[in-house]
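Trainee: Just passing along the structure, written as structure tokens.
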Amino acid sequence: MTEIRNVFDVGARALSAQMVRMNTVASNLANAGSVAATPEDAYKAMRPVFETEYARAEEGLSTATVADVVMLDREPQKIFRPDHPDADPEGFVYAAAVNTEEEMVEMVEASRQYQNTLETMSTLRALMARTMQMGQ
3 MTEIRNVFDV GARALSAQMV RMNTVASNLA NAGSVAATPE DAYKAMRPVF
53 ETEYARAEEG LSTATVADVV MLDREPQKIF RPDHPDADPE GFVYAAAVNT
103 EEEMVEMVEA SRQYQNTLET MSTLRALMAR TMQMGQ
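Start counting the sequence shown at 3; every next residue gets the next number (this note's numbering).
Structure representation (structure tokens):
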């Protein structure tokens, strides 16, 4: 029975990793329209960095965990808005370095992986229940 628990632990960690991924997408999209007075202060998109964690390699159990969340090395867009309160002396502000189309793709991928993991766990639970019923 402990092997089954390990499978659920693997699934729970995978769900957690995808939730971090969706949270970073949400943060990126929330800040996509922001501007700053300097390029250094402009928002930079974030991405989680995943790593494989082997639970029981001899049984084929491994999962993905979040090793880190990093800021992407992208330049903010320089926009001429002399009337903006954050404009520099030349009238420029710096828009967040976020590609909304890329973020939407990232969100769909994270959502699908989350759903696939949930479906796997649900199927396993149903199979376990049917196996238990066979023994009665």
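Ideal Cβ placement from N, Cα and C applies to all residues, glycine included. These numbers come from a predicted model, not from an experiment.
Rounding to the nearest angstrom, what Cα-Cα distance links Ala14 and Val107 in this structure?
Mentor: Here residue 14 corresponds to residue number 12 of the sequence shown, with the count starting at 1. Here residue 107 corresponds to residue number 105 of the sequence shown, with the count starting at 1. Ala14 and Val107: Cα-Cα distance of roughly 23 Å.
Trainee: Does the beta-carbon of Asn30 have 16 or more other beta-carbons within 10 angstroms, so that it is buried, or is it exposed?
Mentor: As a position in the sequence shown, residue 30 is number 28, starting the count at 1. Asn30 should be labelled buried.
Trainee: Quick check: the Cα distance between Arg171 and Val27, rounded to an integer number of angstroms?
Mentor: The chain is shown from 3 up to 138; residue 171 falls before or after that span and cannot be answered.
Trainee: Over what stretch of residues does the alpha helix (DSSP H) that includes Gln1 continue unbroken?
Mentor: Residue 1 is absent from the structure shown; the chain starts at 3 and stops at 138.
Trainee: Confirm, please, whether the CB-CB distance from Ala99 to Pro84 is below 8 Å.
Mentor: Counting from one through the sequence shown, the residue named residue 84 turns up at place 82. Counting from one through the sequence shown, the residue named residue 99 turns up at place 97. No, they are not a contact pair.
Trainee: With the cut-off set at 8 Å, would you say Val37 and Pro50 are in Cβ contact?
Mentor: In the sequence shown, residue 37 corresponds to position 35, counting from 1. In the sequence shown, residue 50 corresponds to position 48, counting from 1. No. Outside cutoff.
Trainee: Going by alpha carbons, who is nearest to Ala16 out of Gln117, Met134, Arg132, Gly137?
Mentor: Position 14 of the sequence shown, counted from the first residue, corresponds to residue 16. With distances taken between Cα atoms, Ala16 lies closest to Gln117.
Trainee: Leaving out the 5 sequence neighbours to the left and right, which residues in its chain are closer than 6 Å to Ala69 when beta-carbon positions are compared?
Mentor: Here residue 69 refers to the residue found at position 67 when the sequence shown is read from its first residue. So the qualifying residues of the chain are Val51, Glu53.
Trainee: With distances taken between CB atoms, is the gap from Met48 to Met73 smaller than 8 Å?
Mentor: Counting from 1 along the sequence shown, the entry for residue 48 is found at position 46. Counting from 1 along the sequence shown, the entry for residue 73 is found at position 71. For Met48 and Met73, yes; Cβs fall inside 8 Å.
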